[in-house]
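Everything on this sheet refers to the single structure shown next.
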Amino acid sequence: EMPDTVAFVEHNEFKLFMRSFVCLIALQVSFGWCLPIIVLDVCSIKNRFKGVIMAACTIDGAGQLVLLAFATCGIENSDSWAWFLEHLHINVVEISDSNRPVTVLSNREKGLHNALIAQFPNVHHCFCMKHIEKNIKSKL
């Protein structure tokens, strides 16, 4: 147990795991001291359970990545991103008690754009140049 840590687990009607969200209290508080940048990424779970891990990070004053929150979901789609971003907004961005404009950096994941517009309508959304370069090289 860790007081004030946020953890949500969602089940379906058959009591089967659907997704989870975790944000430690120290990570919530750290966003107020870091750059107003949120880096979003996802990785696939390749074991027998499958699914994806979604992560939100920021950058501290020393230029180091700081994890803000993470979630596990069965699939990467608009619904999963909307759910993750809703919890991220409520439990990290609003908690930081700052009126700073936030910039979100991503690599154009599946379903992220629509969910980002719905949950963070006033943020500036940037794309990772490394991924854009890779896509250009592979398609041209």
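Quick note: the sequence shown uses our numbering, first residue 40, plus one each step. Cβ atoms here follow ideal geometry from the backbone N, Cα and C, with glycine treated the same way. Note that this is a predicted model, so its numbers are computed, not measured.
The region 51-71 and the region 151-168 do not touch, with fewer than three beta-carbon pairs separated by less than 8 Å. Look at residue 156 here: in three-state DSSP terms it is helix. Under DSSP, no beta-bridge partner is assigned to residue 177. In the structure shown, residue 110 adopts extended strand secondary structure according to DSSP, grouped into three states. Scanning its chain for C-beta atoms nearer than 7 Å, with the 5 sequence neighbours on each side dropped, one finds around residue 51 the residues 57, in chain order. Put simply, the backbone Cα of residue 86 is about 30 Å away from that of residue 98.
Ranked by Cα distance from residue 151, the options 59, 81 and 101 are led by 81.
Under the rule that a run must span 3 or more residues, the beta strand (DSSP E) segments found entirely inside the region 79-125 read 91-98 and 104-112.
In the DSSP assignment, the residues bridged to residue 144 are 78 and 165. Excluding five sequence positions before and after residue 120, the CB atoms of its chain that fall closer than 6 Å to its own CB belong to 150, 151 and 154, given in chain order.
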